[in-house]
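This report refers to the structure that appears directly beneath it.
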Amino acid sequence: MKKLKIGDLEKIREKVRRTAVLRQGKSRAKITVHMGTCGIAAGAREILSGLLSEIKKKKLNDVIVTTSGCAGLCSREPMATVEITGKPPVKYVDLTIEKMSKIVTEHIIKGNILNEYALAVGSERTH
Amino acid sequence: MRDLSLHILDIVENSIAAGAKKVEITIEEDTNKNLLVVKIKDNGKGMDKKTLTKALDPFFSTKKIRRIGLGLSMLARATKEAEGSFDIKSKKGRGTRVTAKFVYDHIDRKPIGNMAETIIVLVASNGLKADFIYKHSKNGKSFLFDTRYLKRKLNGVLINQPEVLELLKKRILRELKRIQEGT
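In order, the protein sequences belong to chains R and D.
Per full-length UniProt numbering, the first sequence starts with residue 1, numbered consecutively.
Per full-length UniProt numbering, the second sequence starts with residue 1, numbered consecutively.
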C-alpha cells in the first residue's frame, strides 16, 4: 500500500476546494443514519460506511451524511431517513448495504422513492 | 454488541447527543499488565448526581422515545464478563468520563474491533460540529488522531469530504498496524 502522509491532506485540500462550498449548507440531500444502541447493534455503522463509499464512488458532492439516535422502532433497524430539499423525508427500514446502495442510485440520484424499503413518507423533517 | 469499537461508537453518540464539542477516546493495551483500558471523555452537558446513579440501570433513559437505555449498561456488563471494572464520572455542565477496564487475555473479553471504521463514521457524521481525539497505545507504542490538528492542516476544506475520510481511514489503519507490530 502506498504510504500516505499528512502532507497528502494538502493535495486533497486543493483538489476538493471547489466542491467544498456545496457541503457548507447548500446541500441537495441529507441522509440520517439512526445510530442509537439498537441501530449500532443491528449494523448501522456498516450501513453508514457503505453509504460513504457509494457517495465517493458516485462523486456526490451535494449530499450530507449525519446520524441520529433511536427513533423508537428498534426492531426495524438499521434505519435511515433520506431528505431531498423540497421533498418530504422518507424513512427506510431493515437496511442492508445493498439496499442502501440502491437507495443512493434510485432515490438520491434519480429522485424515485423506493416504496418497498420505506416505512413511511413525511415524518421527522429536519432539512 | 459484537466488539468494543461498536460500544465506543455507541457511547460517543451519547456524547454528541449531550452536545459535546470535544470527545477524547483512549485505548491502552498493556499485555505486560494484562490490561485493556478504554476511556471516553467528553465536554457535553454532563449529568447531575441523581441521573448519574441511574445511568447504568438498563430500565432508565433520559430519552422520551423509549424507556430503556442499554448503551452504558451493556458496556458495564462487558467489563464484568472479562473480570474488569467500569467507572463513570460526570459533572453537570462540565462533561462525562467513562472508563472501562478489562483483563486483556480473558476468554470473555470482547475484541477491540474495527476502530478505524468507528472513528471515520464519527468524523463523517459529526466531524463539523465536534472534535475527536483518539489515542491508542500498545505496550508503549502509541498513535494519536486529532481532528483539531487535521482541520488546521486542511485549512478550510471540510473534514467530512469523501476523499479526506478515505485518506484518514488508511492512515488510522496503517498506524494501528504499526503499534500492533513487534509487540
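Just so it is clear, CB atoms sit at the ideal spot from N, CA and C, and this is done for glycine as well.
- By the neighbour-count criterion, in which 16 or more other beta carbons inside 10 Å mark a residue as buried, GLY46 (chain D) falls on the buried side.
- For ILE133 (chain D), the enclosing beta strand (DSSP E) starts and ends at 131 to 138.
- In the three-state DSSP reduction, ARG97 (chain D) falls in the strand class (E or B).
- GLU181 (chain D) has a beta carbon lying at 9 Å or more from every beta carbon in chain R.
- Counting along the chain, HIS34 (chain R) sits inside the beta strand (DSSP E) bounded by residues 29 to 34.
- Contact between VAL103 (chain D) and ASN32 (chain D) is absent: CB atoms are separated by about 13 Å, not below the 8 Å threshold.
- In the structure shown, ILE159 (chain D) falls within a coil segment according to DSSP collapsed to helix, strand and coil.
- Contact note: GLU10 (chain R) reaches chain D through LYS153, LEU154, ASN155, using a C-beta cutoff of 9 Å and chain order.
- One Cα belongs to PHE60 (chain D), the other to LYS110 (chain R), and the distance between them is close to 43 Å.
- For the set D:GLU117, D:ASP30, D:GLN180, D:HIS7, the Cα lying nearest the Cα of THR79 (chain D) is the one of D:HIS7.
- Pairing CYS70 (chain R) with THR81 (chain R), the inter-Cα distance amounts to about 12 Å.
- Our two residues, ARG178 (chain D) and THR67 (chain R), have alpha carbons roughly 31 Å apart in a direct line.
- Inside the region 32 to 103 of chain R, DSSP marks whole alpha helix (DSSP H) runs of 4 or more residues at positions 37 to 42, 44 to 57, 97 to 103, from first to last along the chain.
- With fewer than 16 other beta carbons inside 10 angstroms of its own, PRO111 (chain D) counts as exposed.
- Under the Cβ distance rule, ILE6 (chain R) counts among the residues neighbouring chain D, one pair being separated by less than 9 Å.
- At a Cβ-Cβ threshold of 9 Å, VAL98 (chain D) and LYS39 (chain D) count as neighbours.
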